[in-house]
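Residues 1 to 536 (the UniProt record's numbering) make up the sequence shown, in order.
Please read the structure below before turning to the comments.
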Amino acid sequence: MSSHVSPLSRRKFLGWSGAGAATVLLGTGALGASAAHAYTLRKSGLFTLGIASGDPAPDGFVLWTRLAPDPFAADGRGGMPDRRIKVEYEVAHDEGFRRIVRRGEAVAAPELGHSVHPEISGLAPGREYFYRFRAAGEISPVGRTRTMPAARSLPRELSFGVASCQAWQDGYFTAFDHMAREDFDLIVHLGDYIYEYEITNNNRRGVTVPPQFGTETFDLARYRLQYSLYKAEEPLQRAHAQCPWIHTLDDHEVANDWAGDTVIMGRNPNPDPAEFAARKAAAFQAFYENLPLRRAQMPAGPDIRLHRRISYGRLADFTMIDTRGHRDIQACSYGNGTGRTSSCDERFDAARTILGDEQRRWLLDGLARSRARWHILGNQMPMGETDWDEGPGKDVWVDPWDGYVADRDKVLAAAHEHGVRNLVVLSGDRHQNYAVDLKRDFDEPGSPTVATEFVTTSVTSGGDGADMDDLGRTFLAANPHMRFFNAQRGYIRVNVDRDAWRSDFRVLPYVTRPGAPVSTRASFVVEDRRPGVQPA
Numbered sequence: 001m002s003s004h005v006s007p008l009s010r011r012k013f014l015g016w017s018g019a020g021a022a023t024v025l026l027g028t029g030a031l032g033a034s035a036a037h038a039y040t041l042r043k044s045g046l047f048t049l050g051i052a053s054g055d056p057a058p059d060g061f062v063l064w065t066r067l068a069p070d071p072f073a074a075d076g077r078g079g080m081p082d083r084r085i086k087v088e089y090e091v092a093h094d095e096g097f098r099r100i101v102r103r104g105e106a107v108a109a110p111e112l113g114h115s116v117h118p119e120i121s122g123l124a125p126g127r128e129y130f131y132r133f134r135a136a137g138e139i140s141p142v143g144r145t146r147t148m149p150a151a152r153s154l155p156r157e158l159s160f161g162v163a164s165c166q167a168w169q170d171g172y173f174t175a176f177d178h179m180a181r182e183d184f185d186l187i188v189h190l191g192d193y194i195y196e197y198e199i200t201n202n203n204r205r206g207v208t209v210p211p212q213f214g215t216e217t218f219d220l221a222r223y224r225l226q227y228s229l230y231k232a233e234e235p236l237q238r239a240h241a242q243c244p245w246i247h248t249l250d251d252h253e254v255a256n257d258w259a260g261d262t263v264i265m266g267r268n269p270n271p272d273p274a275e276f277a278a279r280k281a282a283a284f285q286a287f288y289e290n291l292p293l294r295r296a297q298m299p300a301g302p303d304i305r306l307h308r309r310i311s312y313g314r315l316a317d318f319t320m321i322d323t324r325g326h327r328d329i330q331a332c333s334y335g336n337g338t339g340r341t342s343s344c345d346e347r348f349d350a351a352r353t354i355l356g357d358e359q360r361r362w363l364l365d366g367l368a369r370s371r372a373r374w375h376i377l378g379n380q381m382p383m384g385e386t387d388w389d390e391g392p393g394k395d396v397w398v399d400p401w402d403g404y405v406a407d408r409d410k411v412l413a414a415a416h417e418h419g420v421r422n423l424v425v426l427s428g429d430r431h432q433n434y435a436v437d438l439k440r441d442f443d444e445p446g447s448p449t450v451a452t453e454f455v456t457t458s459v460t461s462g463g464d465g466a467d468m469d470d471l472g473r474t475f476l477a478a479n480p481h482m483r484f485f486n487a488q489r490g491y492i493r494v495n496v497d498r499d500a501w502r503s504d505f506r507v508l509p510y511v512t513r514p515g516a517p518v519s520t521r522a523s524f525v526v527e528d529r530r531p532g533v534q535p536a
């Protein structure tokens, strides 16, 4: 039985979000700023949460900031008044803003947490730009961003970073300092940008936190407050300011292991449907308010559309998908509370889905139509089979694609049958690094490799981690298609040219104290038209 997200009426949407159509347009700069109020800042610091750009196109990108002179105010309002504030923005060819190419105005409205998302268009493809904001007489830091290459062009190469899972309470965001120095064209973030849990003084950073963070996130004010804590981190701000980001979300932006309309595991099992819908609406709105997302990703109450394609000329297509909001509930009562199961026929049910019917059709159609040299699937959780049992049986975790075998088979079969050139899946969630050969059929030992998967570890989640542990040894022994395992913290650095893909697993020795160095633990390549992992 497949899950479907039911469309909401516009009236229902307004009831959920409190943000009307005019407010959304004001925040994007699509309407003028005549409705904004003059505002005098009572204390310095409107741009405490930084600036960002995202979802680049050949002629532009979306810019973002959120005004918050008191970002940790307990009511989640960031210290802002209950009125609309004009925000000006500038885009220039140079960091000194002597050659300005775009000026405009947007309105930071309380209905959207005083965030703005101006969508810039009409720029030249494949070049660097600089941007900044001005509000109440204060000028923001300067950000650097890029447009994508022209649609029909074939760029020489692409360099980007891949990150996931950054629990504030588990460690310092040092990885983002290193990412900011990598000179990436863009960064792909695969979810768990925040964690919904309460934050107490008993955290791995060993620092004192204000009492307003001592409750789990359920409503909009508390989600806003959680984002403020994360986005106040300087390493994260530096990485956002260096290049455009492409985002999707996973579970912790809402609640641990949620599935469609349900939470069945964790500390809040089986909530009232109306209560969980309200929680999702709050979580999605805070997600939108705090990230450089386009108007197309503005949620409608408890619904949000995150699947989209972003092209880097004809060299690469980024296909971002959502494996949380459209899925069926996890199979077999989710392993009776463990998340794993060694006997679960339900996970093979052809009618069960992790994508939902509409998104799956959209994805498979894109695989058939794509003419890109490299097809990059931005995905939350490992697609490759992960057997936790070295013996003849299979013990799998049913929250990822192992619990939705039919959808995995359809995607990999389509890649194989349509001759998709170089499908590379990027995944997160697991807090471990993997390099994986994706098989047409994981139950057939001789099944061909049809795609490649790189799973990125966490930025902080799980604490310091280790190079190898008992679980890693089990995984490598039980899964011959898994070619690499590592459980340190860090990110993946990718360089793609016309002939090959290279993934460098960049790792940190510790995150529970600041200042960790970064090193490359291992590197792997994928050759054009030769799916599968090879050592560099």
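Using N, Cα and C, we set each Cβ at its ideal position, and we do this for glycine too.
Computed from a predicted structure; not experimentally measured.
| Query | Result |
| --- | --- |
| Alpha-carbon to alpha-carbon, residue 194 and residue 16 | Residue placement at residue 16 cannot be trusted, given a pLDDT of 48 that sits under 50; the coordinates are not used to answer. |
| Where residue 353 falls, given that 16 or more other Cβ within 10 Å makes a residue buried | buried |
| Where residue 13 sits in the DSSP three-state scheme | Summary for residue 13: the model assigns pLDDT 36, below 50, so the residue's position carries little reliability, and this model does not support an answer. |
| Coil, strand or helix - residue 437 by DSSP | strand |
| C-alpha distance - residue 4 paired with residue 311, whole-angstrom precision | Here the model assigns residue 4 a pLDDT of 36, short of 50, so the residue's position is not dependable, and the following value carries that caveat. Going from the Cα of residue 4 to the Cα of residue 311 covers about 28 Å. |
| For residue 245 and residue 178, the rounded distance between their alpha carbons | 16 Å |
| As assigned by DSSP and simplified to three states, the class of residue 5 | Interpretation of residue 5 is limited by its pLDDT of 36, a score under 50 that renders its predicted location unreliable; no figure is taken from the coordinates. |
| Close Cβ partners of residue 227 (< 7 Å) along its chain, the five nearest in sequence each way excluded | 194, 286 and 290 |
| 7 Å CB neighbourhood of residue 469 in its chain, flanking five on each side removed | 487 |
| Residue 154, buried or exposed, once every other Cβ within 10 Å from all chains shown has been counted against 16 | exposed |
| Environment of residue 376 [buried if 16+ CB atoms lie within 10 Å] | buried |
| Touch test, the segment 59 to 73 against the segment 210 to 229, Cβ-Cβ under 8 Å, three pairs minimum | yes |
| Ordered list of beta strand (DSSP E) runs contained in the segment 239 to 312, each at least 3 residues | 245 to 247 and 308 to 312 |
| Beta-carbon proximity check, residue 209 vs residue 201, cutoff 8 Å | yes |
| Continuous alpha helix (DSSP H) stretch holding residue 487: start and end | Run containing residue 487: none in the alpha helix (DSSP H); it sits in the beta strand (DSSP E), 482 to 497. |
| Residue burial classification, residue 507 (beta-carbon count within 10 angstroms, cutoff 16) | buried |
| Span of the beta strand (DSSP E) around residue 186 | 186 to 189 |
| With 16 other Cβ atoms within 10 Å as the buried cut-off, status of residue 429 | buried |
| Bounding residues of the alpha helix (DSSP H) (the contiguous stretch that carries residue 220) | 220 to 231 |
| Alpha-carbon to alpha-carbon, residue 432 and residue 519 | 16 Å |
| Buried versus exposed call for residue 540 [16 or more other C-beta atoms within 10 Å across all chains shown] | Limits of the chain in this structure are 1 at one end and 536 at the other, which puts residue 540 out of reach. |
| Residue 482 versus residue 390: straight-line alpha-carbon distance, rounded | 13 Å |
| First through last residue of the beta strand (DSSP E) which encompasses residue 362 | No beta strand (DSSP E) contains residue 362, which is instead part of the alpha helix (DSSP H) from 357 to 369. |
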